[in-house]
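Sequence lines, in order, name chains G and P. For the first sequence, position 135 (counting from the first letter as 1) is numbered 135 according to our numbering, and the numbering increases by one without interruption. For the second sequence, position 278 (counting from the first letter as 1) is numbered 278 according to our numbering, and the numbering increases by one without interruption.
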Amino acid sequence: MNEQNDRKLNRRRFLARAAKAGLSIAAAGIIAKTLYDKQGPSAQPPSELVTIPDFSVPAMPGRTISIVKGRDRVKTIDKAIDLLGGIERFVKPDDTVVIKPNVAFTSVPALGATTNPELVAEVIRLCYSRAQAKQVYVTDNPINNPSSCFTISRIGKAATSAGAKVILPRVSFFKLTTLEGGKYIENWPVLYQPLAKADKLIGIAPVKSHSRAAASMSMKNFYGLLGGRRNIFHQDINTIIAELVMLIKPTLVILDGTETMVTNGPTGGSFSDLKRTDTIIASCDAVAADSFGCSLLGLKPADLPYLAKAQSAGAGTADYQSLKPIIANVT
Amino acid sequence: MAQTRRKTPRHESVISLFLLAVLFIIGLSVVIPQFNLRTSRTVVSAGAAKTLDSLLDSIVLRRTPDGAAGFEPLSEIAVYNAENLYEKIDGKAPFYVDSGFEKLLTNWLKSQQDDQLMFEFYVYDMAEPANAFSVFSVQKRPDASPLALFETNFGYRTENALLFVQGKYYIELIGSAKSEPLFNAMTEFAKQLSAALPDQRQFSMPEPLIAAGDNLIPGSIKFYTGNALGFDGFDNTFTAVYKIDSSNVTIFLSDRPDESSAEQLVRDYCKFLIDTGAEEKSADIDIDKARMLDFYGTIELVFNNGPVVAGIHEADDIETAVKVARLLNDILKPDTEK
């Protein structure tokens, strides 16, 4: 058969076949070039890694942490921030500010599982009216449905009413980051897009008991900036909380202990899980804020291993007394 | 010039088509998952729990008995399994999963007239009544008021919540406010749910706790499927508060497979306490092989009676610990020895 075919292969037919073969090879080459991935099949391309900006402000000795007693959240936070030098120390005119409340659950404000919306609104007001911020964003990556969380917690409405924009997390907002020297935060997705356009970052968290970490406060609040299946970190919660405060360097943290969730945290569910402790802490140092905050839960700093871990890593001061906290009352 | 085209044999065509189909399927199996990106949340479907889901959907609160406004669901019922429970309750998830959790169905219901009034229901399927009682009892609030609204042995209410066990289900109804119309709606929901739930089994208390009678503080019994008293050897362990004279003392009971296992558990628990700072104390206790330890100023007393490990936890003084231990030991004795 081949011999027969070869005999019938004239010049015209040979050229046609050669042209077809050439076109096929060229097409395959073009497709291969188009699809060729110079990076190779690496799961985490290095070019995708981002670094979280350092949002902290220069230290002012004796003005690192304030602890204010008061029943009224608005008056109490105003006083707490004033004692540290006023909001103008932290937010400059035309700054873009990201506020990170705890919006983890579809839970109403009265249950205390999420940041109090009144407090969020007041901090936004201070940023705009006194510090002349250009734009304030409010964001979180809740474990429940984000839209429902912002709605039911009433943080969404409070934020927009005060002039801020709420950023709900989307897949494209997450970028991979690595904490140098970290054990867990390695090529891990974080809610980066809102942080990328921010000059300042303010965390606002309630004081809550936590069945895994013993307490959920300022440091644990930044867990909400992690993406991925972050629950795997619950197996070593103390290390991941310490790593969070090594990774995220906020401008200011506000710890709301007006009503403290003393039992059944972090979700609570009954008003009886809450206890009035009438205290708000404002601090440039999240470790110091939480070291005091745990006393509202009847705990000592030694009961929370993540505080010592964070201090050892140079991320803050667990001995908050050494920072000479400014203590005041608001009537 | 005449051309003779070689006709492809049929079997070659079939093989080629087969190989192309295989390649196509492989391609699809690679491409489709690329569009299934997830952040921290997974989409949950009610399909896995169709029956219970339909049951919950069938509960209608158009108007509560006192004429208050009706309530309507805020969204579809969400269903969580052991893999994604953390997406709903975060740090509490391991506690439920370790206690035998199988699935959770949850949703909000909102008043049609007052959007400040709403409640969220959580129906936890804990696989067994013992597991459901465990998560119920361990989380019980101190201000609990007994619930006598319908047939349930284990239920209570707080200012804004209503919580109970039925069969293998642990149910929480969490109100957004302290409100009578809201509580009435939650009560109506609970009644309808209780009547419709397929599992009507009741968890039974062990005989020794029932025999303790009036000295046991009502509602103080807790059941731990694991890690009772902070010791991982204590699985399937009951604790309860025993009132004697003017003191309240926590007792514990753990049924083991046989006497030698019980003796070993006593040794292990004592070792655990000593390793964490306790000091063994000698005391005149007329209970065979009972051991007493001083744990940072409180008294632990542990012994076994046959296959049952029993003890006193954090008593204020030796006298009280010994007194309650004797009572407990008498209850545990077989009838022939009493």
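Glycine residues also receive a C-beta, built at the ideal position from the N, C-alpha and C atoms. In this text, all values refer to a predicted model and were calculated from it rather than measured experimentally.
Where does Asn81 (chain P) fall in DSSP's three states?
strand
Quick check on Phe222 (chain G) - is its C-beta less than 8 Å from some C-beta in chain P?
no
Roughly how many whole angstroms lie between the Cα atoms of Glu300 (chain P) and Ile312 (chain P)?
6 Å
In terms of residues, what are the limits of the alpha helix (DSSP H) holding Phe272 (chain P)?
259-275
Pick from P:Lys88, P:Ala290, P:Ala148 that is closest to Val308 (chain P), judged by C-alpha positions
P:Ala290
Ordered along the chain, which non-local residues of its own chain (more than five positions away) have a Cβ less than 8 Å from that of Pro194 (chain G)?
Val98, Tyr137, Thr139, Ile167, Phe173
So is Lys27 (chain G) buried or exposed if we call it buried at 16+ other beta carbons inside 10 Å?
Lys is not the amino acid found at residue 27 (chain G); the sequence shown has Ala there. Looking at its Cβ environment, which holds fewer than 16 other Cβ atoms inside 10 Å, Ala27 (chain G) is exposed.
Burial state of Lys300 (chain G), where buried means 16 or more other Cβ atoms lie within 10 Å:
exposed
Taking Cβ positions only, does Phe233 (chain G) come closer than 8 Å to chain P?
no
From P:Lys103, P:Glu76, P:Ala185, residue whose alpha carbon lies closest to that of Asn84 (chain P)
P:Lys103
Once DSSP output is grouped into helix, strand and coil, what is the label at Gly298 (chain G)?
coil
How is Glu188 (chain P) classed by DSSP in three states: helix, strand or coil?
helix
Can you tell me which of the three DSSP states Tyr128 (chain G) falls into?
helix
Per DSSP, which one or two residues make a beta bridge with Asp54 (chain G)?
G:Lys249
For the alpha helix (DSSP H) containing Phe321 (chain P), list its first residue and its last residue.
Per the sequence shown, residue 321 (chain P) should be read as Ala rather than Phe. From DSSP, the alpha helix (DSSP H) with Ala321 (chain P) extends over 318-332.
Which whole-angstrom value is the C-beta distance of Tyr124 (chain P) and Phe101 (chain P), which I expect to be below 8 Å?
6 Å
Secondary structure of Glu279 (chain P), DSSP reduced to three states
strand
Complete alpha helix (DSSP H) runs within the region 205-265 of chain G (minimum length 4 residues, chain order)
218-221, 237-247
Against Thr158 (chain P), what residues of chain G qualify as contacts under a CB-to-CB distance less than 8 Å, listed in chain order?
Ser270, Phe271, Ser272
Helix, strand or coil at Asn102 (chain G) [DSSP, three-state]:
coil
CB of Ser66 (chain G) within 8 Å of CB of Ile254 (chain G), strictly
no
Asn10 (chain G) to Ser13 (chain P), Cα distance in whole Å?
28 Å
State the DSSP-derived secondary structure class of Phe136 (chain P), mapped to helix, strand or coil.
helix
Burial state of Ser153 (chain G), where buried means 16 or more other Cβ atoms lie within 10 Å:
buried
Identify the contact partners of Ile31 (chain G) in chain P, using a Cβ-Cβ distance below 7 Å as the criterion.
Those do not exist, as Ile31 (chain G) stays about 14 Å from chain P at its closest Cβ, beyond 7 Å.
Using a cut-off of 7 Å between C-beta atoms, extract the partners of Ser176 (chain P) located in chain G.
Val108, Ala110
Cβ distance (whole Å) where Ala162 (chain G) is taken to contact Ile124 (chain G) below 8 Å:
4 Å
Using the beta-carbon count (16 or more within 10 Å), is Arg145 (chain G) buried or exposed?
Here residue 145 (chain G) turns out to be Asn, not Arg, going by the sequence shown. So Asn145 (chain G) ends up on the buried side.
Quick one: which chain G residues come within Cβ less than 7 Å of Asp143 (chain P)?
Ser272
Could you give the distance in angstroms between the alpha-carbon of Leu28 (chain P) and the alpha-carbon of Ile31 (chain G)?
19 Å
Ser66 (chain G) bridges to which residues according to DSSP?
G:Ala282, G:Ile326
Which partner residues of Val155 (chain P) appear in the DSSP bridge assignment?
The sequence shown places Gly at residue 155 (chain P), not Val. DSSP, once it has assigned bridges, lists P:Phe164 as partnering Gly155 (chain P).
Do we get a CB-CB distance below 8 Å when we pair Met87 (chain P) with the residues of chain G?
Going by the sequence as given, residue 87 (chain P) is Glu instead of Met. So, interface residue.
State yes or no: is the beta carbon of Gly91 (chain P) nearer than 8 Å to at least one beta carbon in chain G?
yes
So, for Pro250 (chain G): in the same chain, excluding its five sequence neighbours on each side, which residues have a beta-carbon less than 6 Å away from its beta-carbon?
Phe55, Leu201, Gly203
Option nearest Glu186 (chain G) by Cα separation, candidates G:Gly298, G:Leu226, G:Tyr128:
G:Leu226
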